[in-house]
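Take a look at the structure set out below.
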Amino acid sequence: MLFKKNILIIFNSDFHENSVELQEIINEENIRGGILEVASRIGNILQQVSASIVSYLKISSVRQLKAYLDFNNKFDLIVNLCEPIFSMFEHESAVAALLEEMNIPYTGNPAHALKLAMDKNCFNNLLQKNGLPAIESYLFSGVGAFEEWLEQNINIEYPFIVKLNAEDSSLGITHNSVVHCKKALATRVRAVFRKYKQEVLIQRYIDGREIHVAYYGFNPVSILGISELDFSELPKNHPRIYTYAAKWDSNSEDYKKIYMCESKIEDAVHFKMKETALKIIRLFDFKGHGRMDFRVAKDGTPYLIDANPNCNISDNSCFAVLADRRNLNYEAIIVDLCRKAIEAKAETKAKVPKRLTTNATKTAQMLLPVTKDVPSIMPAHLVL
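Taking the numbering used here, the leading residue of the sequence shown gets 892, the next gets one more, and so forth.
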């Protein structure tokens, strides 16, 4: 039961100074201000519904969080709203790893799930090796390697979609991301490298429906609901994709003309979608809360395009909408997420002391590139 608990809500309110798209179309303080609103809303719910004592901590580094918890280790639960700190995705998983090492119950996914999901190419390869549908993908760390590959694959079939390998929120995704010829592909890849200076992923573009599957819970994890993006009002010459502008720029055409609606997929596809989602959840040990985004091919095969552990749980999010369709109001789902997190931790025996005493910690491990450390962070049942 969640009653009179001592709860800490942690979040980060930074933004990366080089986040070009944020600077172009949105006020940075507004987007991070949204996180402050979510933290406040959740805190108010926990105070009112469960009579809990709620504290807040804005963090700027994992070290800062550790120092705070070393001297304030009285919390029954930590509500983890942390996103990548200064756009460094490895810090998101390191926060969860620290909480695991200190044996503090927390909401959301475990550290390994956050780390694996941050590398789209690695995650896609693991899907393939474990017998799940995977998208044809090519990863490049620089323009030179891409151009060499392009010359060696003159007869490759199109279309493709060009995206950043280690970003979320559709950063870098525009109408130009979907390419139908060699010239367009080369132009887009060079532009993305020039603008973001990080790894670029080229994937086969699946021209089909986009379905989002939300999940929550610990033991067991259950499917919360399934929704679909409605692209029907977009101009015919626009690709049917969820662009960055569609998510964040309220003045854009995409934002105004792409809708989230209840999925009306056929029973057979619905079954396959749910079955695939549950397999992924079990394989990667997802838990807490999250959302998986799929594209459905013409033959009905669902392909995961984004894992989204610890998805947005604001009261107007897809997650909240799907909860409402199951007659779970926002207050109820927040309280339930917190209660389940505490219960799940109570079922697990403590393995490490609350204070860290060694340098070789899981937290430090999470700061390594995922491709260099996959075997040690992966659930044992996954095939390499």
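C-beta atoms are modelled at their ideal positions from N, C-alpha and C, and glycine is treated no differently. Please read these numbers as outputs of a predicted model, since none were measured by experiment.
- Query: Just reading off the beta strand (DSSP E) that M1151 is part of, what are its end residues?
  - Reply: Note, M1151: beta strand (DSSP E), Y1150 to E1153.
- Does the distance from the CB of H1129 to the CB of H1180 come in under 9 Å? Going by C-beta atoms, H1129 is not nearer than 9 Å to H1180.
- Check whether the Cβ atoms of N903 and C973 sit closer than 9 Å, and answer yes or no. In this structure, C973 lies closer than 9 Å to N903 by Cβ.
- Item | Contacting residues, own chain, Cβ-Cβ under 8 Å from C1202 (five flanking each side not counted) | The beta carbon of C1202 is closer than 8 Å to those of A1105, H1180, G1181, R1182, S1208, C1209 and F1210 in its chain, skipping five residues each way along the sequence.
- Query: For R1186, does the three-state DSSP call read helix, strand or coil?
  - Reply: R1186 sits in a strand when the DSSP states are folded into three classes.
- Residue from Y1029, E1058 and K1074 with nearest C-alpha to A1008: E1058 is the residue among Y1029, E1058 and K1074 whose C-alpha sits nearest the C-alpha of A1008.
- Buried versus exposed call for H1071 [16 or more other C-beta atoms within 10 Å across all chains shown]: Burial call: exposed.
- In terms of alpha-carbon separation, which member of V970, N1016 and E1101 lies closest to L1092? Ranking V970, N1016 and E1101 by Cα distance to L1092 puts N1016 first.
- Query: If you count every other CB in all the chains shown that lies within 10 Å of the CB of N1046, and 16 or more means buried, which is it?
  - Reply: An exposed status is given to N1046, since fewer than 16 other beta-carbon atoms sit within 10 Å of its beta-carbon.
- Query: Whole-angstrom Cβ separation of Q1089 and L1055, contact assumed at under 8 Å?
  - Reply: Right, the Cβ-Cβ distance comes to about 6 Å (below 8 Å), so this counts as a contact.
- Item | Environment of E920 [buried if 16+ CB atoms lie within 10 Å] | Because the pLDDT of E920 is 42, which lies under 50, any placement of that residue in the model is unreliable, and the question is left without a value.
- With N1000 and F1177 assumed to form a contact (beta carbons below 8 Å), what rounded beta-carbon distance in angstroms separates them? Cβ atoms of N1000 and F1177 come within 8 Å of each other, at about 6 Å.
- Message: For R1186, count the other beta carbons within 10 Å of its own beta carbon; 16 or more makes it buried, fewer makes it exposed. Which is it?
- Response: The residue in question, R1186, is buried, as its Cβ has 16 or more Cβ neighbours within 10 Å.
- Task: Give, in chain order, every unbroken run of the beta strand (DSSP E) that is at least 3 residues long and sits entirely within the region 1013-1052.
- Result: Correct list: 1028-1031.
- Message: Residues in the same chain with beta-carbon distance under 7 Å from L956, minus the five sequence neighbours each way, listed in chain order, please.
- Response: Taking L956 as the centre and dropping the five residues before and after it, the same chain places the C-beta of I901, I950, V986 and L989 closer than 7 Å to its C-beta, in chain order.
- Beta-bridge pairing of S952 - partner residues as DSSP gives them: Answer by DSSP bridge pairing: none, since S952 is not bridged.
- Message: Between which two residues does the beta strand (DSSP E) holding I1156 run?
- Response: Premise fails: I1156 is in no beta strand (DSSP E) and is neither H nor E.
- Task: Can you grab the Cα-Cα spacing for the pair I1225 / R932, in whole Å?
- Result: C-alpha separation (whole angstroms): 10 Å.
- Helix, strand or coil at N1067 according to DSSP, with G and I counted as helix: Three-state DSSP puts N1067 in a helix.
- Message: Applying the 10 Å Cβ sphere with the 16-neighbour rule, what's the burial state of K1242?
- Response: Only weak support is given to the placement of K1242: the predicted model assigns it a pLDDT of 43, under 50, and the value that follows is read from those uncertain coordinates. Answer is exposed; the Cβ neighbour count stays below 16.
- Beta bridge counterpart(s) of L1120 as assigned by DSSP: Per DSSP, M1151.
- Would you mind reading off the limits of the alpha helix (DSSP H) that contains R932? Element bounds for R932: E919 to S941.
- Supposed close pair M1164, V1212 - CB separation, criterion 8 Å: About 18 Å separates the two Cβ atoms, so there is no contact after all.
- Note down the Cα distance separating E1124 from I1052, rounded to an integer number of angstroms. About 21 Å.
- Task: Identify, in the order they occur along the chain, each residue of the same chain with its Cβ nearer than 6 Å to the Cβ of R1079, setting aside the five sequence neighbours on each side.
- Result: Sequence-distant partners of R1079 (beyond 5 residues in either direction) whose C-beta falls short of 6 Å from its own C-beta, in its chain, are V1053, N1067 and V1070.
- What three-state label does DSSP hand H1129 in the structure shown? In the three-state DSSP reduction, H1129 falls in the coil class, being neither helix nor strand.
- Query: For A1237, which option in F1109, L1041, T1167 and G1191 has the closest C-alpha, if you only look at C-alpha atoms?
  - Reply: For A1237, the nearest C-alpha among the options comes from F1109.
- Message: Considering just the uninterrupted stretch of the beta strand (DSSP E) at Y1106, what are its terminal residues?
- Response: Segment R1100 to G1108, the beta strand (DSSP E) holding Y1106.
- In or out: P1126 buried (at least 16 other Cβ within 10 Å) or exposed? With fewer than 16 other beta carbons inside 10 angstroms of its own, P1126 counts as exposed.
- Message: Less than 7 Å between C-beta atoms, sequence neighbours within five positions excluded: which residues of the same chain meet that for Y1096?
- Response: Closer than 7 Å at the Cβ level, and outside the excluded window around Y1096, lie P1050, F1051, I1052 and V1069.
- Message: What does the alpha-carbon distance come out to for the pair Y1133 and L1062?
- Response: In this structure, the straight-line span from the alpha carbon of Y1133 to that of L1062 is close to 10 Å.
- Beta-carbon proximity of L1169 to I1233, cut-off 9 Å: Cβ distance not < 9 Å, so L1169 and I1233 don't count as in contact.
- Query: Anyone know if the C-beta pair for E1101 and F1122 falls short of 9 Å?
  - Reply: With a cutoff of 9 Å on beta-carbon distance, E1101 and F1122 are scored as near each other.
- Task: Take the Cβ of E1166 as the centre, count every other Cβ of all protein chains shown within 10 Å, and call the residue buried at 16 or more, exposed below.
- Result: Under a 10 Å Cβ-count criterion, E1166 is classified as exposed, with fewer than 16 other Cβ atoms of the shown protein chains found around its own Cβ.
- Item | Pairwise C-alpha distance: Y1135 and Y1295 | Because the chain in this structure spans residues 892 to 1275, residue 1295 falls outside the shown range and cannot be described.
- Quick one, are the C-beta atoms of S1205 and G925 less than 9 Å apart? Yes, these two residues count as a Cβ contact at 9 Å.
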